[in-house]
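The sequence shown runs 1 to 176 under UniProt numbering.
Think of the CB as a built atom: it goes at the ideal place given N, C-alpha and C, for glycine as much as any other residue.
Model, not experiment: these values are computed from the prediction.
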Amino acid sequence: MALAFPNNHRTLEDMAHSEDAWKILQQTHDLIKVADAKAAAIVTGNGVLGGVLLKVLPPHREWPAAWPHVTLLLIGVAAVGASILFALRVFIPRLSNDRPQSLLYFGTIARRFAEPSAFLPEYRKLLGDETKLEKALAEQVWTTSHIARRKFRNVTPAIWLLGFALICALGAGLLR
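This is the structure:
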């Protein structure tokens, strides 16, 4: 037998379900933060490596004599550029959404409610209905999971390209 609360008819079991959903939502938000942090580190590393590669690139008139060295440097610069582009894609927000409009999503709240007084009754209604709250939480978990996946799909090639650029830089250094 479930213990019911007199004011809103929520049971301890219902509260446990929504608490679990909130925790899962927080975990997906944390994954998004991890992807963002990785992308920031990648952009920083690429900036440093790109600067070094461009600094050691010999003048254009010396390229024919040192073509293997120059080729590796230029390939490294290209890999740095591509890596930066993938990493920057992590930071580009996609605010358009054809999905149902959730009261847990900041974009929906900002679009639908000009004043807090208009938002509060709808929000209270959502919090008072465990089934609707679980549905809204599940939609947010689904949405943030897709966001995290998209971000990590851009972080992964950015890391590989940064590694490739480092190998090119090391190879160019050995050829010099």
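Report back the beta-carbon spacing between residue i and residue j to the nearest angstrom; my notes put them in contact at under 8 Å.
i: residue 177; j: valine 155; result: The question about residue 177 has no answer, for the chain in this structure spans 1 to 176.
i: leucine 72; j: alanine 165; result: Not a contact, Cβ separation roughly 10 Å.
i: leucine 120; j: asparagine 46; result: Wrong, their Cβ atoms sit about 46 Å apart, outside the cutoff.
i: aspartate 129; j: valine 90; result: Going by Cβ atoms, the distance from aspartate 129 to valine 90 rounds to 35 Å, so no, they are not a contact pair.
i: leucine 170; j: serine 18; result: Between serine 18 and leucine 170 the Cβ distance is about 53 Å, and since that is not below 8 Å, they are no contact.
Closest to residue i by C-alpha separation, out of the options, would be which residue?
i: tyrosine 105; options: Thr131, Ala138, Glu130 and Ala87; result: Ala138
i: serine 145; options: Leu25, Ala169, Val70 and Pro59; result: Leu25
i: alanine 21; options: Arg94, Gln140 and Pro121; result: Gln140
i: serine 83; options: Phe113, Thr108, Val48 and Arg112; result: Val48
i: tryptophan 142; options: Thr28, Val43 and Lys23; result: Thr28
i: leucine 85; options: Ser117, Leu170, Trp160 and Leu175; result: Trp160
i: lysine 135; options: Pro157, Pro68 and Leu103; result: Leu103
i: isoleucine 92; options: Arg61, Ala40 and Ala110; result: Ala40
i: proline 157; options: Ala65, Gly81 and Glu19; result: Gly81
i: valine 88; options: Gly107, Arg153 and Arg176; result: At residue 88 the sequence reads leucine, which differs from the valine that was named. Ranking Gly107, Arg153 and Arg176 by Cα distance to leucine 88 puts Arg153 first.
i: arginine 176; options: Asp30, Gln101, Lys23 and Pro58; result: Pro58
i: leucine 31; options: Ile147, Leu174, Ile167 and Ala169; result: Ile147
i: arginine 150; options: Arg94, Ser117, Leu174 and Glu115; result: Arg94
Review point. Do the stretch 66-84 and the stretch 49-57 make contact, defined as three or more Cβ pairs closer than 8 Å?
Key: Touching, yes, given that three or more Cβ pairs across the two stretches are closer than 8 Å.
Point to revise | Contiguous alpha helix (DSSP H) assignments of at least 4 residues, all confined to the stretch 39-118 | key: If only complete runs of 4 or more residues are kept, the stretch 39-118 shows the alpha helix (DSSP H) at 67-89 and 106-112, in order along the chain.
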